[in-house]
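As C-alpha cells, the structure follows; a few thoughts come after it.
Numbering (our numbering), first residue to last: 1342 to 1711.
Here is the structure:
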C-alpha cells in the first residue's frame, strides 16, 4: 500500500511527536503531511530524515505563533492538502485537528488520537488565553465553527485508535465513535539496559514543556517550602509565562531541553518523578520514569490512573496543591520501592506492544479492503 502520515505541526517535540517518530520508523517511505514546519525546532531536528510536506498556509501561520490565534483557518489548512493518491493515511491528531484533508474513495484513514482538541470541549489547556475578555468573545464565535469541522472530519475516519481509555471516552462522547486503545510507545528495554548500573541521588524530577495545566508552579512552591531538590526538564512554548513564574519562585533547577541520553540518566538518578497534570491524555513520562526504576507521584486523574499503581509503582494524589504534595512526599519517603515491579509495570506500555497493536489494525484494514 501507498502510505502517508499526517501530524498537527512540526514544532515542539513531545509525547505526540514520539508517537509520530515510531510511526515514521514503521513506514519509512511514507511522507509526513503537516500544517506547518518550523525549521530548526526541536521537532524538526528529529525528522530531518523524512520528507515533510507543509500546507500552502504554512507561510502565514508558523511565524510569531500565529497558528493559535488564526485557528479559524484550520478547515482551509487541512482541505488544502490532497492525499488522494494514497491507499492508507495514518493521522496523529490532537489540538490542531490533523483531519479534513482530501482523499479518494479508495483511501482508508486511521486516526491515532492523542485527544480531541482540549480547548473546544472545556478541558484545561496549557496556555489559558481565555482569561482575556476579547479572546473569550473571539473563542465563542470561532470555536463553534471549529466544533462543526471537528465533528464532520471525525466522521470521515475509518478506524479510530486512541492512546488511553481516558481519550477513548472523549472520542465516544464528542464524535460518537468506537475506538481501540493502543498505548503510546515507550522504549522500555533500551531504558532498562541503559540504566542498569546507575545509583540514585537526592532529587525529584519533572519532565514537561513549561506551560500551564501541568502543575509545575505548585511543585516549585512545594519544593521551596519543604526544601526538597526539584529538577525540571523542558522548554518554554508559545505565549506561556510559566518559565517566568518558576524563575520568580526559585527552589527549582530549570534544565531546559536535554538530549535523550541525558534525560535517561536524570530519570535513573532521580529519587522520584512528579507528574501533576490534571486530566492528562495519557502521559509517557511517568512510564519512562518507572522503566528507569524511579517511582512516581502523580495526580489521580486522566491517563495517570492507567499507568501508576498506587503504593506499588508510585503514589496517586487527589490534589496538586502545596499541602497535598508535601504529604505525598512524606508518604513517599516511608515506602520501599521494588525496581522489578516498576519495570514490570512499564513493560505494559512498550514500543513493541505499540507496533504490534498498530500492525494488527492496519492488517485488518487491508483485509477488509480486499
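Backbone N, C-alpha and C fix where the C-beta goes; we use that ideal spot for every residue, glycine too.
> In three-state terms, what does DSSP make of residue 1691?
Replying inline: Reduced to three states, the DSSP call for residue 1691 is strand.
> Below 8 Å between beta carbons: does that hold for residue 1425 and residue 1396?
Replying inline: no
> Do residue 1548 and residue 1590 have their C-beta atoms closer together than 8 Å?
Replying inline: No, the Cβ-Cβ distance between residue 1548 and residue 1590 is not below 8 Å.
> To the nearest angstrom, how far is it from the Cα of residue 1501 to the Cα of residue 1520?
Replying inline: 5 Å
>> Please return the same chain residues whose Cβ sits closer than 8 Å to the Cβ of residue 1567, not counting the five positions on each side in sequence.
In response: Apart from sequence neighbours up to five positions away, the residues of its chain that approach residue 1567 with a beta-carbon distance below 8 Å are 1667, 1670, ordered along the chain.
> Using a Cβ-Cβ cut-off of 7 Å (strictly less than) and excluding sequence neighbours within five positions of residue 1416, which residues of its own chain qualify?
Replying inline: 1441, 1490
> What is the DSSP secondary structure of residue 1606, reduced to helix, strand or coil?
Replying inline: Helix at residue 1606.
>> Ignoring anything shorter than 3 residues, give me the beta strand (DSSP E) runs that lie fully in the segment 1347-1429, in order along the chain.
In response: 1373-1375, 1393-1395
> Among 1535, 1361, 1505, 1352, which one has its Cα closest to the Cα of residue 1646?
Replying inline: 1505
> Going along the chain, which unbroken runs of the beta strand (DSSP E) with 3 or more residues stay wholly within the segment 1491-1523?
Replying inline: 1500-1503
>> I need the DSSP call for residue 1567, collapsed to helix, strand or coil.
In response: helix
>> Can you give me the C-alpha to C-alpha distance between residue 1343 and residue 1390, rounded to a whole angstrom?
In response: 19 Å
> Three or more beta-carbon pairs under 8 Å between the segment 1679-1697 and the segment 1584-1600, yes or no?
Replying inline: Not touching, per the Cβ criterion.
>> Alpha carbons only, please: which of 1692, 1705, 1612 is nearest the one belonging to residue 1679?
In response: 1612
> CB-CB under 8 Å to residue 1702, same chain, minus the five flanking residues each way: which ones, in chain order?
Replying inline: Annotation for residue 1702: 1451, 1500, 1502, 1521, 1523 place their beta carbon closer than 8 Å to its own, counting only its chain and skipping 5 residues before and after.
> If you count every other CB in all the chains shown that lies within 10 Å of the CB of residue 1684, and 16 or more means buried, which is it?
Replying inline: buried
> For residue 1652, does the count of other Cβ atoms within 10 angstroms reach 16, so buried, or fall short, so exposed?
Replying inline: exposed
> What do you get for residue 1704, buried or exposed, if any count of 16 or more other CB atoms within 10 angstroms of its CB means buried?
Replying inline: Counting the other CB atoms within 10 Å of its CB gives residue 1704 a total below 16, which places it among the exposed residues.
> Any idea what DSSP makes of residue 1650, helix, strand or coil?
Replying inline: coil
>> Less than 8 Å between the C-beta atoms of residue 1578 and residue 1552, yes or no?
In response: Contact: yes.
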